[in-house]
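No gaps in the numbering here: position 104 of the sequence shown is 105 in the UniProt record's numbering, and each next residue is one more. Even glycine gets a Cβ: it sits at the ideal position worked out from N, Cα and C. Treat the numbers as computed from the prediction; the structure is a model and nothing was measured. Report on the structure given below.
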Amino acid sequence: TTVFVLNGPNLNLLGTRKPEVYGTTTLADVEELCRRAAGEHGLTVEFRQSNHEGRLVDWIHEVGAEVAAGRSIGAVVNAGAYTHTSVALHDAIEGASVPVIEVHISNVHRREEFRHHSYLSPVAAGIVVGFGVQGYVLAIEGLRRLTQE
Ligand code: DQA
Numbered sequence: 002t003t004v005f006v007l008n009g010p011n012l013n014l015l016g017t018r019k020p021e022v023y024g025t026t027t028l029a030d031v032e033e034l035c036r037r038a039a040g041e042h043g044l045t046v047e048f049r050q051s052n053h054e055g056r057l058v059d060w061i062h063e064v065g066a067e068v069a070a071g072r073s074i075g076a077v078v079n080a081g082a083y084t085h086t087s088v089a090l091h092d093a094i095e096g097a098s099v100p101v102i103e104v105h106i107s108n109v110h111r112r113e114e115f116r117h118h119s120y121l122s123p124v125a126a127g128i129v130v131g132f133g134v135q136g137y138v139l140a141i142e143g144l145r146r147l148t149q150e
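In structure tokens:
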């Protein structure tokens, strides 16, 4: 059984981008953290990143098909800035009936006003905000509990 971990725009720069906000851990390190966390529960991680909104939409559809086939428990999604702009991602998550845990490394609510609104939150099963990269681990754990217990 797989858990998808989908990352949106600029998260490929993790480690060097605003380290005072996002830390110095790289996305490759995050992938390793996720593999370890999921592996403890016998889950396989499908870890991806794209700077393109439509690709993320396609991936949500793919997760939907995998969930429907019983091969995946859903997705952990850090949509980056598309969180605050993308009706398309909102509709994809809703339309594909994908269990999604929304993740933000930083506490978006103590940052700029434009980061306070999320198009994903109303269609997310849960939200993990402000725990740094450990939020991915918490999100995998949360998704597992919501879908497998
Ligand atoms: C982010 C927060 C977003 O506001 C921002 O655009 C990002 C990263 C986070 O993980 O804290 O790219 O999703």
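- Counting only runs that start and end inside the segment 77-102, the alpha helix (DSSP H) elements of at least 4 residues fall at 88-96.
- Taking C-alpha positions only, Gly96 is separated from Gly133 by approximately 29 Å.
- Where Thr45 is concerned, the enclosing beta strand (DSSP E) starts and stops at Thr45 to Gln50.
- For Thr17, the Cβ stays outside the 7 Å cut-off from all heavy atoms of the ligand DQA.
- Taking the C-beta atoms as reference points, Ile128 is found nearer than 8 Å to Glu103.
- Rounded to the nearest whole angstrom, the C-alpha separation of Glu142 and Ile106 is 16 Å.
- Between Leu90 and Leu57, the CB-CB gap stays under 8 Å.
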